[in-house]
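Student: Sharing a structure here in structure tokens format.
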Amino acid sequence: MYGSDFPLLDEVDSAERELHEAAGRSVERGTDLQRYFDDVIAADQKIEPRDWMPDAYRKTLIRQIAQHAHSEIIGMQPEGNWITRAPSLKRKAILLAKVQDEAGHGLYLYAAAETLGIHRDELVELLLNGRQKYSSIFNYPTLTWADMGAIGWLVDGAAIVNQVPLCRCSYGPYARAMIRICKEESFHQRQGYEILHILAHGTPGQRELAQDAVNRWWYPSLAMFGPPDTESTHSEQSMAWKIKRFSNDELRQRFVDMCVQQASVLTLEIPDPDLRWNDERGHYDYTQPDYGELMRVIKGDGPCNRQRMAHRRAAHDDGTWVREAAAAHAKRKAAA
Amino acid sequence: MLWEVFIRPRRGLSHTHVGSLHAPDAEMALRNARDVYTRRQEGVSIWVIPASAISASSPDEKDSFFDPAADKVYRHPTFYEVPEGAAHI
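Residue numbers (our numbering), protein chains in the order written: chain V, 1 to 336; chain C, 1001 to 1089.
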């Protein structure tokens, strides 16, 4: 289905190689902190936690890494919804492993954010009180088993396209976390694609489920790349700092171009009547997602925002006694 | 409490820093480290160390701190001229 190679994983490997190569280049260190920071970034080296960095760089990274971590944590809910109803023991085991990975990815990212001087408790609080956001995609409901397929193929697929360039991010702990995450993420996408492939080649009813899931997840997945470049507020500075490597629209286009071929193997339709190859551009033309809807969902008015946050708060509250008991146990043992 | 996690990927290799995590005590830190950092057989041994117990050199004194190493080229074998005809040296 992807051929023998997986170009996105090759990119992750080359990001890892470049990280080592760049580390070998020497950067002249004068007394000007800003200049040294700029030179390190120009040499494609990494900024590390205890290095001097501009305040705005630190703030941008905390915001972005935290939002990413929150997305992994909230992102467990739509799929968690189907663990008890997976159609076989094999699918249940796979789904459990995937949701566990998402918890793990959230933790790698929280740890990366904490190296910037913010505490875990603050990050949790910023999610629970709604001051920091998570990806809009997780505010859509998972109505059928086929949604597990569409999420793996489209949502994780879009996430990978978004995340692979972050393996080259200028901030060391974030880049290293992303290399780990992207390597694990490829199984997520493949298991989803496999689910859809099996359904699409099953009974007419199963095929219909698969097509319906793709119809519902296509445009929200396109919206995951954020607003169009003309309206993107954080992009330019993030590009200069090499936090971001490609624009929202470039990544969205890359995703669309990949999906068309993959959809044809699934024998499923992408729900866009205007999707067609443009020879001049060398890309597919496609219909943009509804950015008004994206903004409404981000602001809290998607189909499941309230439910997701209520569940997260309840899970946090329900875990209080466990955290307190573990702390009390550690204290008593330390005293003994 | 914040812990730094080090993992030995295979026998014969050194423990390498892989990340950090929160846990109330060492025992739970080890269990959490297993769940967070070794879901795909990444290691055969784990160390967890309280982050507060680590003293680190400061990047600001990078030059002066490591300076003495730079001007002692005679520490490297390539500094020496091997006379013609000498073998196994």
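Even glycine gets a Cβ: it sits at the ideal position worked out from N, Cα and C.
Indicate whether at least one CB of chain C lies closer than 8 Å to the CB of Gly319/V.
Tutor: On the first sequence, residue 319/V is found 319 positions in, with the first residue counted as 1. Chain C, which has no Cβ nearer than 8 Å to the Cβ of Gly319/V, makes this no.
Student: Does any CB atom of chain C fall closer than 8 Å to the CB of Tyr108/V?
Tutor: For the purposes of this step, residue 108/V is taken as residue 108 along the first sequence, with counting starting at 1. Yes, its Cβ sits closer than 8 Å to a Cβ of chain C.
Student: In chain V, which residues lie with their C-beta within 9 Å of the C-beta of Ala1053/C?
Tutor: Position 53 of the second sequence, counted from the start, is the residue given in the question as residue 1053/C. What Ala1053/C touches in chain V: nothing, since even the nearest Cβ is about 14 Å away.
Student: Looking only at DSSP bridge pairs, what is His1017/C linked to?
Tutor: Translated into the one-based positions of the second sequence, residue 1017/C becomes position 17. His1017/C is bridged to Phe1006/C.
Student: Rank Glu269/V, Ala66/V and Gln288/V by C-alpha distance to the C-alpha of Met224/V and give the top, closest one.
Tutor: Counting from one through the first sequence, the residue named residue 224/V turns up at place 224. Met224/V has its Cα closest to that of Gln288/V, out of Glu269/V, Ala66/V and Gln288/V.
Student: Using a Cβ-Cβ cutoff of less than 8 Å, which residues in the same chain neighbour Leu209/V once the five nearest sequence positions on both sides are dropped?
Tutor: Along the first sequence, one-based indexing puts residue 209/V at 209. Thr144, Trp145, Ala146 and Leu199, listed in sequence order.
Student: Confirm, please, whether the CB-CB distance from Leu268/V to Gln286/V is below 8 Å.
Tutor: For this step, residue 286/V is matched to residue 286 along the first sequence. For this step, residue 268/V is matched to residue 268 along the first sequence. The sequence given here places Tyr at residue 286/V; Gln does not occur at that position. No, they are not a contact pair.
Student: Express the C-alpha separation of Gln307/V and Gly3/V in angstroms, rounding to a whole number.
Tutor: In the first sequence, the residue the question calls residue 3/V occupies position 3. In the first sequence, the residue the question calls residue 307/V occupies position 307. Confidence in Gly3/V is poor, its pLDDT being 39 and thus under 50, which makes the residue's placement too unreliable to answer from.
Student: Between the C-alpha atoms of Met1001/C and Glu79/V, what's the straight-line distance to the nearest angstrom?
Tutor: As a first step, residue 1001/C must be located in the second sequence, where it is residue number 1. As a first step, residue 79/V must be located in the first sequence, where it is residue number 79. Near 31 Å, if we compare the C-alpha coordinates of Glu79/V and Met1001/C.
Student: Under 7 Å, CB to CB, which of the residues in the stretch 1002–1027 of chain C have a partner in chain V?
Tutor: Cβ contacts with chain V come from Gly1019, Ser1020, Leu1021, His1022, Pro1024 and Asp1025.
Student: Give the range of the alpha helix (DSSP H) segment to which Tyr284/V is assigned.
Tutor: Numbered from 1 along the first sequence, position 284 holds the residue referred to as residue 284/V. No alpha helix (DSSP H) contains Tyr284/V, which is instead part of the beta strand (DSSP E) from His283 to Asp285.
Student: Quick check: what's the CA-CA separation for Ala1029/C versus Met309/V?
Tutor: Here the question's residue 1029/C lines up with position 29 in the second sequence. Here the question's residue 309/V lines up with position 309 in the first sequence. Taking the straight line joining both Cα atoms gives about 28 Å.
Student: Excluding five sequence neighbours on each side, which residues of the same chain lie with their C-beta closer than 6 Å to the C-beta of Trp217/V?
Tutor: By one-based count along the first sequence, residue 217/V stands at place 217. Cβ within range, chain order: Ala150 and Leu154.
Student: Excluding the 5 residues preceding and the 5 following Ser1057/C in the sequence, name in chain order all residues of the same chain whose CB lies nearer than 8 Å to its CB.
Tutor: One-based indexing of the second sequence puts residue 1057/C at position 57. These residues qualify, in order along the chain: Phe1065.
Student: Which chain A residues are close to Gly104/V, counting only those with a beta carbon under 9 Å from its beta carbon?
Tutor: Of the protein chains in the structure, V and C, none is chain A.
Student: Could you say which of Ala177/V, Thr233/V and Ile243/V lies nearest to Val1036/C if we only look at CA atoms?
Tutor: Numbered from 1 along the second sequence, position 36 holds the residue referred to as residue 1036/C. Residue Ala177/V is the option with its Cα nearest to Val1036/C.
Student: Apart from the five residues on each side of it in sequence, which residues of its chain come closer than 8 Å, Cβ to Cβ, to Glu184/V?
Tutor: Within the first sequence, numbered from 1, the residue matching residue 184/V stands at position 184. Result list for Glu184/V: Asp101, Gly104 and His105, in chain order.
Student: To the nearest angstrom, report how far apart Gly117/V and Gln253/V are at their CA atoms.
Tutor: Counted from its first residue, the first sequence places residue 117/V at position 117. Counted from its first residue, the first sequence places residue 253/V at position 253. Each residue's alpha carbon lies about 36 Å from the other.
Student: Please confirm if Ser1058/C has its CB atom under 8 Å from at least one CB of chain V.
Tutor: The count along the second sequence starts at 1 and reaches residue 1058/C at position 58. Answer yes: the Cβ-Cβ gap between Ser1058/C and chain V drops below 8 Å somewhere.
Student: Under 8 Å between C-beta atoms, does Thr1078/C make it to chain V?
Tutor: One-based indexing of the second sequence puts residue 1078/C at position 78. Thr1078/C does not count as touching chain V.
Student: Just to confirm before moving on: does the CB-CB distance between Ala66/V and Leu107/V stay below 8 Å?
Tutor: Mapped onto the first sequence, residue 66/V falls at position 66. Mapped onto the first sequence, residue 107/V falls at position 107. Contact flag unset, no.
Student: In terms of residues, what are the limits of the alpha helix (DSSP H) holding Val1044/C?
Tutor: Mapped onto the second sequence, residue 1044/C falls at position 44. First-last for Val1044/C: undefined, no H or E at that position.
Student: At which residues does the alpha helix (DSSP H) containing Asn305/V begin and terminate?
Tutor: Numbered from 1 along the first sequence, position 305 holds the residue referred to as residue 305/V. That run of the alpha helix (DSSP H) goes Asn305 to Asp318.
Student: Quick one: give me the first and last residue of the alpha helix (DSSP H) that Arg120/V is part of.
Tutor: Taking the first sequence and counting its residues from 1, the one referred to as residue 120/V is at position 120. Taken as a continuous stretch (DSSP letters only), the alpha helix (DSSP H) holding Arg120/V covers Arg120 to Leu128.
Student: I'd like the ranges of any beta strand (DSSP E) spanning at least 3 consecutive residues and lying wholly in the stretch 247–283 of chain V.
Tutor: Whole beta strand (DSSP E) segments, 3+ residues: 276–278.
Student: With respect to the alpha helix (DSSP H) encompassing Cys182/V, which residues constitute its N-terminal and C-terminal limits?
Tutor: Here residue 182/V refers to the residue found at position 182 when the first sequence is read from its first residue. Unbroken alpha helix (DSSP H) run through Cys182/V: Gly172 to Ala200.
Student: Kindly indicate the opening and closing residues of the alpha helix (DSSP H) around Asp101/V.
Tutor: Taking the first residue of the first sequence as 1, we reach residue 101/V at position 101. From DSSP, the alpha helix (DSSP H) with Asp101/V extends over Leu89 to Glu114.
Student: Consult DSSP for His20/V and reduce its assignment to one of helix, strand or coil.
Tutor: Numbered from 1 along the first sequence, position 20 holds the residue referred to as residue 20/V. If DSSP states are grouped into helix, strand and coil, His20/V belongs with the helices.
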